[in-house]
Structure formats: structure tokens, C-alpha cells
Amino acid sequence: MTPVKFRPLQFGVTRVEVRDGATSGIHYLKAEQALQDYPERMTDRLRHWAQAAPDRTLFARRTKLADGSTGDWRHVSYQEAWATARNIAQGLIDRGLNAERPVAILSENSLEHALLALGCMLAGVPFVPTSPPYSLVSVDYDKLKHVLKTVTPGLVFAQDERYAKAIAATVGDDIEVVMNSGQVAGRKVTHFAQLCAIPATDAVDQAMAATGSDTIVKFLFTSGSTKLPKAVINTNRMCCANQQQMSQSMPVLLEQPLVLVDWLPWNHTFGGNHNFGMVIYHGGTLYIDDGKPTPALIGETLRNLREIAPTVYFNVPTGYEAIANAMKTDDALRKNFLSRVKMFFYAGAALAQPIWDSLYESEEREIGERIVMTSGLGMTESGPFGLFVTNPNVRAGDLGLPTPGLELKLVDTDGKTEVRYRGPNITPGYWRAHNETTEAFDEEGFFKTGDAVKWIDETDVHLGLKFDGRIAEDFKLATGTFVSVGPLRGKIIAAGAPYIQDVVLTGLNMKEVGAMVFPTPRARELSGLPDTAPLADVLAEPAVLAHMQKVLNELAATSTGSANRIARMCLLSEPPTIDKGEITDKGSINQRSVLHHRADTVAALHDDRLHYILKPQA
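Per my numbering, the very first residue in the sequence shown carries number 8; after that it's consecutive.
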């Protein structure tokens, strides 16, 4: 058998130190490699690159055309970004903004969003990137109201007129509104260009010098998967330490000028801290991708990847699935996308094996080797980067080892092992939420993640850890048997790929496990019905039900007991909604919220009252 060949990729952390705690069931884990020095503030890196590579592109985004399509790239150099951010900083200083009166940003990823964020960082004024769906999808604006009430902004920026309705409903008349374009009926609006045109003075240099490791850079809100979103305090120390940690865990970031083509939203820590910060720290270039891993927008992503070759690439599983399918027949995409990329990274959900196989097939056909698909573990409260894989032989669920400077505490509880974090990249807490902050840390100052892990190989700790679900999602059957939700959900999604988007497991205090399945748009392909057919009709088609029955039978054949046997399954035609909290901002399913809002469906599934219920067939 010919050994698998990977494009070379160095792994920074491959060995760890493990020590036992004084109490049984507690262990501590850290990298053998020490964390190296890092800057005091992120703006130190921005200033460095503005001097060292002034003409290099920092950000680029395609211009918006009148018909809604996108045109050529508009580039912003490091020197232009530095100069514009200084002007913006002057305007923020003039307005007396601070942590008590920060800048709230209502915008998708954009050049204006980026420049405003940099201006805030220079002025020492925290900014609050807010999830666009809170303004554009929500009908009650409850989460947006909660955000604004929590942070009490002194200025609200909106990208364009799409946000006018949300502003009118939530932003008081005493708060200045700045817009890149558009107006809000009945109120004065400052144009963004005015903010950019304020001449910077020495006050900007003084403000930057006054910032330090403990200065709050931004407030990032959690997804609100269990309660209302909390404002996570992000300091310079967190951001700078985390970027240095990433450099040491991923040496590839230092090997060549970094180029990202990225859509991941900046209101979320993966896009806004991990990738946005990575570019500034390393003097890279970020091409803002206006595509998304959806049928309507994936074409834009593919167009960008045919033109811009990234050096590393980050996406979620649905994005990789779309790219993998496209590369089967798109020669131009394969040639450009794979030309110099050294590493793929996925997060957010399990990556199904058929997607891995398809990517590998295209890579071997085009370049004669595979690109390493990496992953790890982190969260908003950890900067986010925490754990990273240790070798190219990555399998779904592998997390790897802690990054330098981050100590893990492994705590056995209820048959699982929770991972906890302590290090310079960990948040000091939640803004204006003393009780929640106190509850989030244990007696030794470790942040309690709620994530469960286990060893990849108990005989070799240096291989690291793998994901074992969220502890809060797990439940007991009536028999007292624990159901481990995360791994079982991943197994179902993988078995049903590419027709299962997500799954919510049922069975709390019942005799058996059930599954409520959210299908992908590709389920329509099985039905033979036109694209205009209601999803409920699609899911009732015999061909769709037959396929899902086959998946269920295959799952049952590999089950080992009641805790991992799906005894009944139904297909949901109503997608999860953000208003009800059924999905988080990063697109992951909120198991508890779905069960709460669809309690009638859960009951009907287990009482055999639904019209279509699938059960394993011998």
C-alpha cells in the first residue's frame, strides 16, 4: 500500500507535561514548549507593518455594484489603514468615548467595519461587533436590545440603510449614529467619511501609549446557547497572547506572507479574533469574502477562490462540502485554490468522512498530495485558540494539545471529563455580570468550558485529546443510562451526509433515544420534486423517507446499546430560527432551545403520533 503523502506542514506542539491533581479525577496538562514574548497591544503590530510594508494590502473587498453583484477588488494598504484609523481614533477621542460608552457596530464584514475597529483600538475605545441577524433577521430585536442595554454604547455604526429599521427600534436619540451609507428617518446621521476625515493629532499617539495589556479591545457576545448572550471582555493581553500562541502552534503562519480569503463573521471570535487578528499580527492580507456556505452565496466564494490563492484556509464543514463538490468538475478552482495553500482548518461542527475523502481525491488529482485538514478547540472566552492537532493524520473530533502558555485542567464528572482553561488568553470575565463571571471560574482560577474531552489514545498522551460533546447537552434515559449527545449527533450527521444538516436528540427520562433531523437543501434532490415544492412535501416523498430509513438502519446495525441506538426518527420541515434561540450565531444547533420550543413534536415522536416516524428495521 502506497503511503499517503501530505504537503509538508510543521506542528509546533507535539509534547505535553501531565500531572495528577491532589484530588482523584483531576489532571493538569500543558505544552512542554513555553510561550514566547508577545506585544503589549495589537496596535503595536499594526504600526510595525505600516512602517515595514506600507504598500502591502491589509484588507480587500469587492465593490458592490448597482445590480447587487460584486465587481473588482478595492484594496486598503497598511499605510492607508494606519492613517485612516488614526483619523477615526481622533474622532472617537473628541467624542469622549470609553469602556462605559463604547462603539457598537451593526455591520457584516466590510472595509469600513475593519477601519473603525482599528480606530477604536488606537483610541483605546472598546468596540462591539454585533451579529447582523440581530438587526436583519430578527423581528423583535430582543437580542439587539439586550446587547445595547448591556454595553450602553456612546456611538452606533451601521453599514447601510438595511440597518435603519433596527436602529429606529432600538437606539435612543441620545446616541450618535454613524452610517457608511443611507439614513434613518427622523434623526441626524453622521456619515462615516466625516469620521475618516478628522485630522489626527498627538492625542492619538497619547491615547495609544495609554493603552496596555489590560485595556479592553472589544466586547464579543457569546452565542447565547443556554441563556441570553453575555459580553465577553477581550483585552490586549488576550488578543496578543493568543496570536503568539497560534504562531507557535502553527509555524506555517511564519513561512510565507499570509493570505486569507475569508467570510467568517467578525462578530464571532473565529472570524473576528482568530483570523482578523492573525492577519494584523503577521502582516498578512485578508480578502473579505462576501460569499457564504449557502446555495445562494457559495458561488461568490468559489469565484474568489478561483482568483485569489490563500496560503491557509479556514471554513466550517458546510463550506468545505460545497468546495469539495465544486472541485470535482471545476478545473480552474482546483488549480488556483490548491496552488499554495499549506493548511486547511475546520471548526464549528463535525466534518463528515465523505467530505474529507472528496477533498483528498481532488488534491491528489491536482497536486499529487494531500493538504492537512487541521482542527482544534476554543471558545469566545479563550481568545479563541486553545488546542490544536499534533500530526497530519487527523480524524473527525480530534482536538490535539494545548497551545503554549495555556494550562488545561481535566475534571472527571458524571462519567465525562470536562476541560478547563487557565492562561493569558483567557477572558477576565463578562462585562457587567459579576455573578456569571464568578460562576464561570473554579477555585483555582480555571475557566469552566462545559466541553467534554477524552484521550485520542490513553497509552500516548502526546497525541492529545478528542471532543466528547457538551456536558450540558447530555441527558439520562429513564433507565438511568447517560446519552452522550455530541458524539452521537456527529455520527448521525456523518451517516446521513450530504442530506442531514443537523440533529437534535430526544429521550430525556424516556426509554429510548429519538432524533429530530434538520435536512440540508440537497434532500430535494432525492425527492424528484421541483425546487418550489414546500419542504414538508419534499420530506414526505417515499424516496426521501426510504433514504433516511436506510441511514437509520445502518446506524442501528452499529449501535451497542440503548444510549447510542436511535429508536425513532422524524424529519423537520421548519428550520431552526435565531429568534427563538434554536441556532447560535455561529450556526450551531442549540439542543436545549430546540427541545423547549418543539416540546409538542418531541412528545408526539415518542407517543407515535407523528404522521411519519422512522424506526430501525431488522
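Note that the Cβ used here is the ideal one computed from N, Cα and C, for glycine as well. Treat the numbers as computed from the prediction; the structure is a model and nothing was measured.
Put simply, the backbone Cα of glycine 298 is about 44 angstroms away from that of threonine 466.
Restricted to the stretch 197-271, the beta strand (DSSP E) segments that are unbroken, complete and at least 3 residues in length are 223-228, 238-242, 266-269, listed in chain order. Residue environment: threonine 308 is assigned as buried (16 or more neighbouring CB atoms within 10 Å of its CB, all protein chains considered). Under the 10 Å beta carbon count, aspartate 221 is surrounded by fewer than 16 other beta carbons and is classified as exposed.
Annotation: the stretch 503-560 contains the following complete segments of the beta strand (DSSP E) (minimum length 3 residues), in chain order: 507-513, 520-526. If you compare the alpha carbons of Arg194, Leu265, Gly189 with that of valine 178, the shortest gap goes to Arg194. By the criterion of a C-beta distance shorter than 8 angstroms, glutamate 589 is surrounded in its chain by Pro583, Ile596, Asn597, Ser600, Val601, His604, once the five residues flanking it on both sides are discounted. Comparing C-alpha distances from isoleucine 507 to each of Pro411, Arg529, Ala192, Glu548 shows the shortest one belongs to Arg529. Here arginine 496 is buried: its Cβ has 16 or more other Cβ atoms, across all protein chains shown, within 10 Å.
Contact between the stretch 427-440 and the stretch 92-105 is absent, with fewer than three C-beta pairs closer than 8 angstroms. By DSSP's assignment, alanine 165 forms a beta bridge with Leu113, Met186.
Contact between methionine 215 and leucine 129 is confirmed by a C-beta separation of about 5 angstroms, below the 8 angstroms threshold.
Cβ neighbours of arginine 14 within its own chain (closer than 6 angstroms, five residues either side excluded): Glu376, Ile378. Relative to asparagine 343, the option among Tyr320, Val132, Lys518, Ala207 whose CA is nearest is Tyr320. Secondary structure note for asparagine 105: it is in no beta strand (DSSP E), with a DSSP letter that is neither H nor E.
By the Cβ-count criterion, histidine 281 is buried, with 16 or more other Cβ atoms from all chains shown falling within 10 Å of its own Cβ. Counting C-beta pairs with one atom in each stretch, the stretch 190-205 and the stretch 238-253 have fewer than three that are closer than 8 angstroms, which means they do not touch. The Cβ neighbour count for serine 534, taken over all protein chains shown within 10 Å, is at least 16; the residue is labelled buried. A direct Cα-to-Cα measurement between cysteine 203 and isoleucine 305 gives close to 33 angstroms.
Arginine 402 is classed as exposed because its beta carbon has fewer than 16 other beta carbons within 10 Å across all chains shown. Spanning the alpha carbons of leucine 118 and leucine 265 requires a straight line of approximately 18 angstroms.
Put simply, of Arg93, Gly219, Ser114 the residue whose alpha carbon is nearest the alpha carbon of proline 46 is Gly219.
Apart from sequence neighbours up to five positions away, the residues of its chain that approach tyrosine 141 with a beta-carbon distance below 6 angstroms are Lys150, Leu151, ordered along the chain. Approximately 12 angstroms separates the beta-carbon atoms of phenylalanine 199 and alanine 121; this is outside 8 angstroms, ruling out the contact.
At a Cβ-Cβ threshold of 8 angstroms, glycine 19 and aspartate 419 do not count as neighbours. The beta carbon of glutamate 388 sits closer than 7 angstroms to those of Val239, Ile433, Thr434, Phe454, all from its chain and outside the five residues before and after it, given in chain order. Rounded to whole angstroms, the separation of the alpha carbons of glycine 279 and threonine 50 is 15 angstroms. For glutamate 373, the three-state secondary structure derived from DSSP is helix. Per DSSP, reduced to three states, the secondary structure at proline 133 is coil, with no helix or strand assignment. Remark: three or more beta-carbon pairs, one from each stretch, lie closer than 8 angstroms, so the stretch 162-176 and the stretch 104-112 are flagged as touching.
The beta carbon of proline 272 is closer than 6 angstroms to those of Gly278 in its chain, skipping five residues each way along the sequence. Annotated three-state conformation of valine 460 is strand, per DSSP. DSSP places threonine 444 within a helical segment (H, G or I) once states are collapsed to three.
The Cβ atoms of glycine 521 and histidine 613 lie closer than 8 angstroms to each other. In the structure shown, glycine 493 adopts helical secondary structure according to DSSP, grouped into three states. Annotation: the continuous beta strand (DSSP E) that includes aspartate 27 extends over 23-27.
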